[in-house]
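First the structure, in the form of structure tokens, and then the observations on it.
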Amino acid sequence: MKFVRFQMEDRTGYGIWEDDFIREISGSIFGDFEISSVKHTFSAVRLLPPAEPSKIICIGLNFRDHAEEIKEEIPKFPSHFIKPLTAIIGPEDPIFFPRVAQRVDYEGELAVVIKDRVKDITQEEALDHVLGYTCFNDVTERLLTRVQGQLTRAKGFDTFAPFGPCIATDLDPSQLTVRTYLNGKLMQEGQTANTVFSVPFLVHYISQCMTLFPGDIISTGTPSGIGPMQPGDVVEVSIDGIGTLRNRLQSLA
Ligand code: MG
């Protein structure tokens with residue numbers, strides 16, 4: 001099943017993506033819901049980020065080939081950082097090139113959407129607490145990652161956390177291919193089978209540190225092939241079974 005969140009005139013709602021339309025649902029996608037008979041075409045709505053997380057946790061250096069390309073060692077434990085909620089944007093929303101930025105990179109990633117409130121869960125329990133998966137772009141000011149000892153500034157700018165277009169359930173997170181396209185050209189292609197840390201391990205590991213809430217996002221790291229974007233460029237993160245997250249980089253006026 002694919003859940004989408006949408007805005008229609010002055011209201012927002014959740015729906016299920018069925019072929020070329022959205023079927024509205026009532027209730028919570030994180031609990032009980034009912035599927036209604038109301039249908040909308042995609043042209044009648046604006047798609048929103050498909051969850052409203054309390055936090056976004058990103059994993060660094062999870063693909064072996066990406067660690068090699070930025071000359072870092074394969075980590076023994078996941079490195080993780082948090083993006084502020086002010087970084088969230090949805091499908092088709094512009095990514096803004098910050099005034100203080102020099103090099104703004106795409107990082108296409110698979111993201112996990114948490115289903116319910118959890119703390120200290122085991123790897124074996126972890127997937128029972130995952131609602132589904134979405135595409136994530138861990139937009140990064142690359143030069144700031146090198147001059148500072150932490151990643152909050154480099155990765156925390158407004159609009160640097162696009163995700164969507166939907167939350168897809170019933171996927172095997174260890175068997176997905178993450179692809180990133182820049183202006184239609186394939187730039188990244190990574191198999192989640194090649195990650196250092198699995199989704200169950202990451203959910204378990206993060207839950208040892210912080211309580212996770214419904215809708216929280218854990219983005220699982222980017223494969224090799226990172227690179228810069230220029231204002232006007234269109235970036236797409238695409239994962240089979242989920243869909244394509246598309247955004248354009250835009251200069252601030
Ligand atoms: Mg990343």
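Just so you know, we're using my numbering here: the sequence shown kicks off at 1 and counts up by one. Just so it is clear, CB atoms sit at the ideal spot from N, CA and C, and this is done for glycine as well. Remember, it's a predicted structure, so these values are computed and weren't measured experimentally.
Which residue marks the beginning of the beta strand (DSSP E) containing residue i, and which one marks its end?
i, result
"His-40", "33 to 41"
"Gln-250", "243 to 251"
"Lys-119", "Note, Lys-119: premise wrong, no beta strand (DSSP E); not H, not E."
"Leu-171", "That residue, Leu-171, is in no beta strand (DSSP E); it is neither H nor E in DSSP."
"Gln-102", "Run containing Gln-102: none; DSSP gives neither H nor E here."
"Phe-96", "95 to 97"
"Ser-238", "234 to 239"
"Gln-188", "185 to 191"
"Lys-2", "2 to 8"
How would you label residue i, buried or exposed, when you count the other beta carbons within 10 angstroms and need 16 or more for buried?
i, result
"Asn-183", "exposed"
"Ile-74", "exposed"
"Gly-27", "exposed"
"Asp-19", "exposed"
"Gly-221", "buried"
Is residue i a contact residue of the ligand MG, with contact defined as CB to any heavy atom under 7 Å?
i, result
"Cys-58", "yes"
"Asp-65", "no"
"Glu-109", "yes"
"Thr-134", "no"
"Thr-152", "no"
"Asp-105", "no"
With residue i as the anchor, note down where its alpha helix (DSSP H) starts and where it stops.
i, result
"Ile-226", "Element bounds for Ile-226: n/a, residue is neither H nor E."
task: Identify every run of the beta strand (DSSP E) within the segment 55 to 92, keeping only runs that are complete inside it and at least 3 residues long; order them along the chain.
output: 56 to 60, 79 to 83
query: When the Cβ atoms of the segment 80 to 87 are set against those of the segment 110 to 121, are three or more pairs found closer than 8 Å?
result: No, because fewer than three Cβ pairs between the segment 80 to 87 and the segment 110 to 121 fall closer than 8 Å, the two stretches do not touch.
message: Would you call the segment 135 to 151 in contact with the segment 86 to 102, where contact means no fewer than 3 C-beta pairs closer than 8 Å?
response: yes
message: Within 8 Å, do at least three Cβ pairs link the segment 232 to 251 to the segment 48 to 62?
response: no
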